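Asks: The structure that follows is given in the form of structure tokens.
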Amino acid sequence: MRISPELRRKLISVAVVSTALLTAAPASVAVAQEQAPRPAAVPAAQTEAAPGVQAERLIVGYKSGASEAESNKAAAADAASKADKTGEDVDFQRRLGTGAALVELGSDPTRASVSDVVAAYQADPQVAYVVPDRLNKPTAVTPNDTEYSKQWDLFESTAGMNVPAAWDTTTGSGVTVAVIDTGYVAHSDLAANIVGGYDFISDTAVSVDGNGRDSNPADPGDWYNDNECGQGIPASTSSWHGTHVAGTIAAATNNGKGVAGVAYGAKISPVRVLGKCGGYDSDIIDAITWASGGSVSGVPANTNVAKVINMSLGGGGACSSATQSAINGAVNRGTSVVVAAGNENQNVSNASPANCNNVITVAATNRAGSRASYSNYGSLVDIAAPGGETRTSKANGILSTLNSGTKTPSSENYDYYQGTSMATPHVAGLAALMKSANSALTPAQIESAIKANARALPGTCSGGCGAGLADAAKTVQAVKGGTSTGTTFSSTTAVAIPDNGAAIESPISVTGRSGNAPSALQVGVDITHTYRGDLVIDLVAPDGSAYRLKAAASDSADNVNTTYTVNASSEVANGTWKLRVQDTAAQDTGTLNGWKLTF
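Per my numbering, the very first residue in the sequence shown carries number 14; after that it's consecutive.
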């Protein structure tokens with residue numbers, strides 16, 4: 014597929030927006046290199062709509078109570094009003110999951126014309142923010158190839174992440190991780206852990222799969238020709254980036270082949286946002302919202318809500334209010350957001366979404382435990398993890414699942430990559446292990462525990478690498494708390510909870526136990542539901558006895574994500590246990606994402 018000159022200008026103009034926000038200098042290609050000192054950043058509200066910004070699309074957030082915040086018709090009328098006022102093309106496209114509006118600015122706007130439209134929105138008292146819809150790119154550095162003994166990043170004493178010792182406690186069962194990336198290309202070492210995802214790429218020139226958004230997150234390849242993604246940018250083969258990231262998190266383990274995943278008991282939901290030349294903020298924002306259980310217009314409800322999101326992607330500039338709003342929504346729904354620091358060997362304050370609030374920002378280390386030469390750094394980095402460095406040997410990279418196709422999918426294989434993209438899934442996998450070991454953990458508690466239990470970098474880091482090198486075993490041990498070290502039985506099958514309707518039940522078959530259940534049976538529950546006070550939750554023993562876990566109450570908070578303790582010593586352990594959930598009032602629906610019993 015060839016991209017028209019107009020679309021090429023469009024992609025290039027959005028790619029350079031993040032640099033234009035602060036200076037008029039052209040954007041740099043994503044290459045690890047020393048950067049000249051930058052001027053101090055001005056406040057976010059000014060940088061987001063700085064004069065001279067060039068973009069094809071804008072994201073407009075309206076204040077609460079504004080008619081445009083609720084009505085597509087009103088937002089479209091407002092766009093038409095701005096067009097009349099400025100004499101420019103301004104067209105409402107769609108509503109994002111956060112409620113913000115996406116507006117198109119025509120086929121080839123100038124910097125001056127964009128500035129006029131931005132100024133018109135800024136002058137509107139009903140507008141909370143207006144930001145460019147920027148292009149983001151995968152943050153892997155370079156590709157290069159198979160087995161557990163080659164995964165130094167998991168087990169080596171020098172700079173590995175001490176993962177095997179964590180597996181004694183948990184493997185991540187009951188947790189879904191959304192990989193917001195290029196999608197998924199079929200791989201037998203991952204297939205058992207893949208659950209439903211979504212393709213959020215709305216622009217067919219970027220998606221290259223012949224259609225817009227749909228429920229198929231398959232990766233068709235993201236290759237491009239010389240200069241196709243910007244003047245001077247050389248051709249690239251397909252990266253299969255999302256599949257490599259997913260393998261680090263949850264490749265099948267103990268299956269006699271390939272590589273091991275950090276949280277191999279977890280599930281992966283592939284969410285596609287990156288295609289040819291990258292992906293737009295607007296698609297990524299909707300992906301974050303949907304993956305964490307939020308609602309996105311025109312997209313079916315997510316039945317595989319993720320408690321961890323991995324975003325090994327990024328662009329330049331300040332964190333936009335639009336992106337921050339989506340991240341805040343995800344965290345408020347109980348989902349941890351783990352983000353790559355970026356590969357420009359610069360301060361992470363210039364890389365988005367790594368510089369957003371409420372994310373876990375990950376820098377990359379090499380096999381000696383020093384900051385990798387390409388990795389971004391700075392005070393906004395939270396933690397470091399193995400990202401590899403292949404300058405002297407590709408075996409010093411991160412080995413994971415891949416595909417041999419240079420353009421379209423071919424045969425599955427494994428290969429070494431390096432990048433903060435590779436470091437990030439190590440920490441996302443650790444977050445999944447933690448959530449599995451203690452389902453009551455909040456995103457803030459997960460971030461705090463990862464940092465508190467890190468070890469000092471074995472090597473050096475100029476500029477700041479956060480709390481140190483993540484330590485999986487120490488962190489999991491610290492958060493498991495009173496959770497029994499016995500056997501855990503879980504269900505990850507999502508079940509819809511109807512509004513003010515009949516009770517639903519989810520079964521778990523317990524086998525291999527002797528005697529009765531314990532007097533402190535741990536019941537972990539993960540439910541997405543607005544106004545949780547409507548819910549009544551019961552544990553039903555194999556003989557039909559019901560134990561009330563939660564009664565209906567005046568509780569307007571969202572979701573139930575906690576562990577209950579039940580004295581089940583009078584019940585035989587083996588048999589089919591059920592979790593029964595009923596919504597007892599109107600106007601809210603929800604989903605039982607999963608639950609578990611720990612004996």
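Quick reminder that beta carbons are idealized off the backbone N, C-alpha and C, glycines included.
Here the structure is a predicted model, which means the values were calculated and not measured.
Roughly how many angstroms separate the alpha carbons of serine 249 and asparagine 240, rounded to a whole number?
Replies: As a position in the sequence shown, residue 249 is number 236, starting the count at 1. As a position in the sequence shown, residue 240 is number 227, starting the count at 1. Taking the straight line from one Cα to the other gives about 10 Å.
Asks: Give me, in chain order, the residues of the same chain whose beta-carbon lies closer than 7 Å to that of alanine 566; leave out the 5 immediate sequence neighbours on both sides.
Replies: The residue labelled residue 566 in the question sits at position 553 within the sequence shown. For alanine 566, where only same-chain residues beyond five positions count, the Cβ hits under 7 Å are Gly546.
Asks: Going by CA-CA distance only, name the one from Ser423, Val351 and Ile373 that's closest to valine 192.
Replies: Locating residue 192 in the sequence shown gives position 179, where the first residue counts as 1. Of Ser423, Val351 and Ile373, the residue nearest in Cα terms is Val351.
Asks: Quick one: grab the DSSP three-state call for tyrosine 560.
Replies: Residue numbering aside, residue 560 sits at position 547 when the sequence shown is read from its first letter. Tyrosine 560: strand per DSSP, three-state reduction.
Asks: Assign serine 558 to buried or exposed, taking buried as 16 or more other Cβ atoms, counted over all protein chains shown, within 10 Å of its Cβ.
Replies: In the sequence shown, residue 558 corresponds to position 545, counting from 1. The residue is exposed, with fewer than 16 neighbouring Cβ atoms inside 10 Å.
Asks: With 16 other CB atoms within 10 Å as the buried threshold, where does asparagine 370 fall?
Replies: As a first step, residue 370 is located in the sequence shown; it is residue number 357 there, counting from the start. Exposed: under 16 other Cβ atoms inside 10 Å.
Asks: Ordered along the chain, which non-local residues of its own chain (more than five positions away) have a Cβ less than 6 Å from that of asparagine 402?
Replies: What you label residue 402 is simply residue 389 of the sequence shown in a count that begins at 1. Checking the displayed sequence, the identity of residue 402 turns out to be glutamate instead of asparagine. Closer than 6 Å at the Cβ level, and outside the excluded window around glutamate 402, lie Asn379, Ala385, Asn409 and Gln431.
Asks: Alanine 570 to asparagine 315, Cα distance in whole Å?
Replies: Along the sequence shown, one-based indexing puts residue 570 at 557. Along the sequence shown, one-based indexing puts residue 315 at 302. The alpha-carbon atoms of alanine 570 and asparagine 315 are separated by roughly 20 Å.
Asks: How would you call glutamate 425, buried or exposed, if buried means at least 16 neighbouring beta carbons within 10 angstroms?
Replies: Locating residue 425 in the sequence shown gives position 412, where the first residue counts as 1. Flag for glutamate 425 reads buried.
Asks: Can you have a look at lysine 320 and say buried or exposed, based on whether 16 or more other CB atoms are within 10 angstroms of its CB?
Replies: Here residue 320 is taken as the residue at index 307 of the sequence shown, counted from 1. Counting Cβ neighbours within 10 Å, lysine 320 comes out buried, since at least 16 surround it.
Asks: How about threonine 189 and proline 151: do their beta carbons lie closer than 8 Å?
Replies: For the purposes of this step, residue 189 is taken as residue 176 along the sequence shown, with counting starting at 1. For the purposes of this step, residue 151 is taken as residue 138 along the sequence shown, with counting starting at 1. Result no, Cβ atoms of threonine 189 and proline 151 do not sit closer than 8 Å.
Asks: What does the alpha-carbon distance come out to for the pair tyrosine 387 and threonine 414?
Replies: Here the question's residue 387 lines up with position 374 in the sequence shown. Here the question's residue 414 lines up with position 401 in the sequence shown. Distance between the alpha carbons of tyrosine 387 and threonine 414: 22 Å.
Asks: Kindly indicate which three-state DSSP category alanine 353 falls into: helix, strand or coil?
Replies: Within the sequence shown, numbered from 1, the residue matching residue 353 stands at position 340. In this structure, alanine 353 counts as strand in the three-state DSSP scheme.
Asks: Identify every residue that forms a DSSP beta bridge with tyrosine 427.
Replies: Here the question's residue 427 lines up with position 414 in the sequence shown. DSSP output for tyrosine 427 lists Thr414 as bridge partner(s).
Asks: Where asparagine 268 and tyrosine 161 are concerned, what is the direct C-alpha to C-alpha distance, given to the nearest angstrom?
Replies: Taking the sequence shown and counting its residues from 1, the one referred to as residue 268 is at position 255. Taking the sequence shown and counting its residues from 1, the one referred to as residue 161 is at position 148. The alpha-carbon atoms of asparagine 268 and tyrosine 161 are separated by roughly 11 Å.
Asks: Could you give the residue range of the beta strand (DSSP E) that holds tryptophan 608?
Replies: Taking the first residue of the sequence shown as 1, we reach residue 608 at position 595. 603 to 611 is the span of the beta strand (DSSP E), which, as asked, contains tryptophan 608.
Asks: Drop a sphere of 10 angstroms on the beta-carbon of asparagine 85, count the other beta-carbons inside from all chains shown, and report buried for 16 or more, exposed for fewer.
Replies: The sequence position of residue 85 within the sequence shown is 72, counting from 1. That one is exposed.
Asks: What is the DSSP secondary structure of isoleucine 246, reduced to helix, strand or coil?
Replies: As a first step, residue 246 is located in the sequence shown; it is residue number 233 there, counting from the start. Coil.
Asks: Quick one: what's got a C-beta closer than 7 Å to lysine 493's C-beta in the same chain, skipping five residues either side?
Replies: As a first step, residue 493 is located in the sequence shown; it is residue number 480 there, counting from the start. For lysine 493, where only same-chain residues beyond five positions count, the Cβ hits under 7 Å are Thr182, Ala450 and Asn451.
Asks: Helix, strand or coil for arginine 640, going by three-state DSSP, please let me know.
Replies: Since the displayed the chain opens at 14 and closes at 612, residue 640 lies outside it and no answer follows.
Asks: Name the one or two DSSP bridge partners that aspartate 227 has.
Replies: Counting from one through the sequence shown, the residue named residue 227 turns up at place 214. Its beta-bridge partners are Asp212.
Asks: Measuring CB to CB, does tyrosine 197 end up less than 8 Å from tryptophan 303?
Replies: For the purposes of this step, residue 197 is taken as residue 184 along the sequence shown, with counting starting at 1. For the purposes of this step, residue 303 is taken as residue 290 along the sequence shown, with counting starting at 1. No, the pair does not count as a contact, with Cβ atoms beyond the cut-off.
Asks: Measure the C-alpha to C-alpha separation of lysine 98 and aspartate 146 and round it to an integer number of angstroms.
Replies: The residue you call residue 98 lines up with position 85 of the sequence shown. The residue you call residue 146 lines up with position 133 of the sequence shown. Going by the C-alpha atoms only, they are around 22 Å apart.
Asks: Enumerate in chain order the residues of its own chain whose CB-to-CB distance from valine 440 is below 8 Å, with the five nearest sequence positions on each side excluded.
Replies: Taking the first residue of the sequence shown as 1, we reach residue 440 at position 427. Correct list, in chain order: Val351, Ile373, Val375, Ile396, Ala398, Ile463 and Ala483.
Asks: Which residue wins for smallest C-alpha separation from proline 555, given the options Gly223, Thr589 and Ser582?
Replies: In the sequence shown, residue 555 corresponds to position 542, counting from 1. Minimum Cα distance to proline 555 is reached at Thr589.
Asks: Just checking my contact of aspartate 596 with aspartate 512 at CB under 8 Å: how many whole Å lie between their CB atoms?
Replies: In the sequence shown, counting from the first residue as 1, residue 596 sits at position 583. In the sequence shown, counting from the first residue as 1, residue 512 sits at position 499. Indeed they touch by this definition, with Cβ atoms about 6 Å apart.
Asks: Helix, strand or coil, according to DSSP, for methionine 174 in the structure here?
Replies: Walking along the sequence shown from the start, residue 174 turns up at place 161. Three-state DSSP puts methionine 174 in coil, outside helix and strand.
Asks: Excluding the 5 residues preceding and the 5 following threonine 602 in the sequence, name in chain order all residues of the same chain whose CB lies nearer than 8 Å to its CB.
Replies: On the sequence shown, position 589 is the one that residue 602 refers to. Hits under 8 Å: Ala509, Ile510, Pro511, Asp512, His542 and Asp596.
Asks: Only counting the same chain, and skipping five residues up and downstream in sequence, which positions put a Cβ closer than 7 Å to that of valine 306?
Replies: One-based indexing of the sequence shown puts residue 306 at position 293. For the sequence presented, residue 306 should be read as glycine rather than valine. Closer than 7 Å at Cβ, skipping near neighbours: Asn315, Val318, Arg346 and Thr541.
Asks: Identify every residue that forms a DSSP beta bridge with leucine 592.
Replies: Mapped onto the sequence shown, residue 592 falls at position 579. DSSP output for leucine 592 lists Ser519 and Leu552 as bridge partner(s).
Asks: Determine which residues share a DSSP beta bridge with threonine 455 and list them.
Replies: Here residue 455 refers to the residue found at position 442 when the sequence shown is read from its first residue. According to DSSP, threonine 455 bridges with nothing at all.
Asks: Do you know whose CA, among Ala273, Leu454, Phe502 and Gln337, lies nearest phenylalanine 168's CA?
Replies: Taking the first residue of the sequence shown as 1, we reach residue 168 at position 155. Ranking Ala273, Leu454, Phe502 and Gln337 by Cα distance to phenylalanine 168 puts Ala273 first.
Asks: Can you find the residues in the same chain that come closer than 6 Å, C-beta to C-beta, to threonine 419, ignoring five residues on each side of it along the sequence?
Replies: Within the sequence shown, the letter at position 406 stands for residue 419. Excluding positions up to five away in sequence, the list reads Thr250.
Asks: As a quick exercise: from Ile340, Leu412, Thr473 and Asp104, pick the residue whose alpha carbon is nearest that of proline 438.
Replies: Position 425 of the sequence shown, counted from the start, is the residue given in the question as residue 438. That would be Leu412, whose Cα lies nearest to the Cα of proline 438.
Asks: For a quick check, are the C-beta atoms of glycine 391 and glycine 476 less than 8 Å apart?
Replies: Here residue 391 corresponds to residue number 378 of the sequence shown, with the count starting at 1. Here residue 476 corresponds to residue number 463 of the sequence shown, with the count starting at 1. Yes, the pair counts as a contact, with Cβ atoms nearer than the cut-off.
Asks: Kindly indicate which residue of Val573, Ala453, Gly400 and Ala564 has the alpha-carbon position closest to the one of tryptophan 165.
Replies: Your numbering for residue 165 matches position 152 in the sequence shown. Considering only alpha carbons, the answer is Gly400.
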